[in-house]
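A short write-up of the structure that comes next.
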């Protein structure tokens with residue numbers, strides 16, 4: 033649960049009717065917090081669905097339909113030696129260099145990932161050490177995927193607004209390509225990898241940022257890796273692959289996705305989340321410059337944009353066809369990959385960011401991007 | 549909600565399915581173009597046209613076009 037955070041300076045106005053009721057959880061409003069830079073790092077190795085006709089049993093017609101309707105095309109995947117932590121580290125180093133932030137100024141590092149290096153310790157602690165951050169720095173992971181970047185931004189805003197931090201380094205990245213089975217047509221062609229780093233800091237006078245966070249845990253099994261955790265540890269049995277009714281092959285240690293249910297969830301909850309957040313913030317839909325959704329696939333993105341009656345020019349959709357569904361890194365990847373030139377060329381941009389998926393979890397944020405020190409997409413170099 | 553309109557929406561939703569292909573008694577799961585992608589596009593169409601959410605269980609329990617129509621119709625009245 034989160035409260036409607038205010039700064040001491042404007043507490044006097046909190047009793048006005050402009051302020052949403054504290055019962056309108058979990059929507060939040062933050063003042064004097066700003067995103068100052070972000071970098072996304074993608075692996076250089078590219079796969080293309082055109083080269084995977086064998087995965088579809090030689091059915092060129094089916095492959096063409098998937099390309100046309102879902103928008104499957106290319107994705108970037110890591111090699112066996114590269115992890116999400118590696119991608120995030122390289123993004124962080126570039127971010128630190130470009131923002132000229134001193135390591136001593138970073139009060140917390142949050143790592144959003146569902147593909148950590150180890151089940152313990154957390155990725156944030158590992159990366160804290162690799163980046164050489166100081167001991168007076170909090171480090172914690174957030175185990176979320178598609179919604180994770182927005183949740184991570186919210187957490188960073190919360191930590192700063194509470195007075196506990198001046199600057200938070202938010203890392204978000206995943207290597208879902210290492211979780212899918214290569215012969216699972218339902219997921220293998222969809223997912224790519226990426227890592228990102230975002231710097232959030234206290235900034236007097238920064239425009240308000242608005243967030244909403246939602247969950248439907250009853251849908252936990254619609255997108256999951258069944259084995260490998262405490263509920264079902266890895267064993268000889270869990271490593272055995274099986275073929276499902278549709279001919280997809282996977283083991284319990286691989287990612288499973290119920291595509292139909294995830295689609296239903298996306299088109300039901302996402303438009304509502306966006307509309308309600310705009311209403312909460314008293315912002316007209318037309319006043320938003322860009323709607324950056326989690327890059328699930330082009331069909332879902334187009335569907336959500338259609339239902340919200342959005343101008344397609346305001347909705348980045350190319351990232352998923354270039355890099356695949358990058359889970360927690362997909363939103364920063366879309367910003368860095370598709371909007372960096374635009375953001376550099378304008379004074380400010382009102383951005384609505386919205387992630388949805390595994391959990392089932394979804395979150396939206398309305399934030400103004402202004403004077404970014406860096407907004408860059410880089411290729412990983414080992 | 550008319551059956552012939554429903555059939556038209558169904559045909560429009562499934563790629564490579566020519567208009568006039570379906571009858572109420574068509575076993576839609578036997579169609580060459582019926583696959584997981586068709587499930588998505590028909591789900592989408594039913595939501596857009598009728599504000600009805602079709603779940604996997606609905607497709608599993610319906611064998612023919614008219615049976616799916618009846619399921620959509622029953623959800624409309626709820």
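Protein chains in written order, with the numbering used here: chain A, 33 to 414; chain B, 549 to 626. Don't be surprised by glycine CBs; every beta carbon is placed ideally from N, CA and C. Computed from a predicted model, the values in this text were never measured in an experiment.
Exercise for review: Tell me, please, whether the segment 226–236 of chain A touches the segment 191–203 of chain A by the rule of three or more beta-carbon pairs shorter than 8 angstroms.
Suggested key: yes
Exercise for review: Indicate whether at least one CB of chain A lies closer than 8 angstroms to the CB of residue 591 of chain B.
Suggested key: yes
**Study point:** Inter-residue Cα distance where the pair is residue 165 of chain A and residue 129 of chain A
**Key:** 14 angstroms
Exercise for review: Leaving aside the five residues before and after residue 141 of chain A along the sequence, list all residues of the same chain whose C-beta is less than 7 angstroms from its C-beta, in chain order.
Suggested key: 156, 159, 160, 165, 169, 171, 201 and 203
Exercise for review: Would you mind reading off the limits of the beta strand (DSSP E) that contains residue 423 of chain A?
Suggested key: One cannot answer for residue 423 of chain A here, as it falls past the ends of chain A, which runs 33 to 414.
Exercise for review: Output yes if chain A places a C-beta closer than 8 angstroms to the C-beta of residue 616 of chain B; else output no.
Suggested key: no
**Study point:** Cβ-Cβ distance between residue 209 of chain A and residue 144 of chain A below 8 angstroms
**Key:** no
Check your understanding: Helix or strand or just coil, what does DSSP make of residue 296 of chain A?
Key -> helix
Check your understanding: Which of helix, strand or coil does DSSP assign to residue 567 of chain B?
Key -> coil
Check your understanding: Buried or exposed: residue 218 of chain A, going by 16 or more other Cβ atoms within 10 Å of its Cβ?
Key -> buried
Review point. From this set, A:405, A:310 and A:65, which residue's C-alpha is nearest residue 384 of chain A's C-alpha?
Key: A:310
Review point. Residues of chain B with CB under 8 angstroms from residue 103 of chain A, in chain order?
Key: Residues of chain B passing the Cβ test: none, with the nearest at roughly 12 angstroms.
**Study point:** Presumed contact (8 angstroms Cβ cut-off) between residue 401 of chain A and residue 414 of chain A, rounded CB distance
**Key:** Not quite, the Cβ-Cβ distance comes to about 31 angstroms (not below 8 angstroms), so this is no contact.
Check your understanding: Which residue comes first and which comes last in the alpha helix (DSSP H) that contains residue 604 of chain B?
Key -> 604–609
Exercise for review: Drop a sphere of 10 angstroms on the beta-carbon of residue 56 of chain A, count the other beta-carbons inside from all chains shown, and report buried for 16 or more, exposed for fewer.
Suggested key: Model confidence at residue 56 of chain A stands at a pLDDT of 45, short of 50, so the residue's coordinates are unreliable and nothing is read from them.
Point to revise | 9 angstroms Cβ cut-off: residues of chain B touching residue 98 of chain A | key: 585
Point to revise | From A:84, A:301, A:251 and A:272, residue whose alpha carbon lies closest to that of residue 244 of chain A | key: A:301
**Study point:** Contact with chain B by residue 295 of chain A, beta-carbon distance below 8 angstroms
**Key:** yes
Check your understanding: Taking Cβ-Cβ distances below 9 angstroms as the criterion, which residues of the segment 284–316 of chain A are in contact with chain B?
Key -> 290, 291, 292, 293, 295, 296, 299 and 300
Point to revise | Cut-off 6 angstroms between Cβ atoms - residues of its own chain near residue 554 of chain B, not counting five sequence neighbours on either side | key: 617
Practice item. Name, going along the chain, the residues of the segment 260–282 of chain A whose beta-carbon falls closer than 7 angstroms to a beta-carbon of chain B. Key: 278
Review point. Can you name the residues of chain B whose CB is closer than 7 angstroms to the CB of residue 335 of chain A?
Key: 592
Point to revise | Under 7 angstroms by beta carbon: chain A residues contacting residue 595 of chain B | key: 299
Check your understanding: Using the beta-carbon of each residue, which ones in chain A are nearer than 9 angstroms to residue 608 of chain B?
Key -> The premise fails here: residue 608 of chain B is roughly 10 angstroms from chain A at the closest Cβ pair, so nothing lies under 9 angstroms.
Review point. Using the beta-carbon of each residue, which ones in chain A are nearer than 9 angstroms to residue 563 of chain B?
Key: 97, 100 and 101
Check your understanding: residue 556 of chain B bridges to which residues according to DSSP?
Key -> Looking at the DSSP assignment, residue 556 of chain B forms no beta bridge with any residue, so it has no partner.
Check your understanding: If we ignore side chains and look at the alpha-carbon of each, how far apart do residue 71 of chain A and residue 274 of chain A end up?
Key -> 39 angstroms
Review point. In the structure shown, what three-state DSSP assignment does residue 415 of chain A receive?
Key: Missing from the structure shown is residue 415 of chain A; chain A here goes from 33 to 414 and no further.
Practice item. Confirm, please, whether the CB-CB distance from residue 241 of chain A to residue 124 of chain A is below 8 angstroms. Key: no
Check your understanding: Helix, strand or coil: how does DSSP classify residue 59 of chain A here?
Key -> strand
Point to revise | Between the CA atoms of residue 328 of chain A and residue 80 of chain A - distance to the nearest angstrom | key: 17 angstroms
Practice item. For chain B, find out if any of its Cβ atoms is closer than 8 angstroms to the Cβ of residue 218 of chain A; answer yes or no. Key: yes
Review point. According to the Cβ coordinates, are residue 178 of chain A and residue 369 of chain A closer than 8 angstroms?
Key: no
Exercise for review: Report yes if the CB atom of residue 74 of chain A is closer than 8 angstroms to the CB atom of residue 325 of chain A, and no otherwise.
Suggested key: no
Point to revise | Any beta strand (DSSP E) of 3 or more consecutive residues that is wholly inside the segment 208–277 of chain A | key: 225–234 and 241–247
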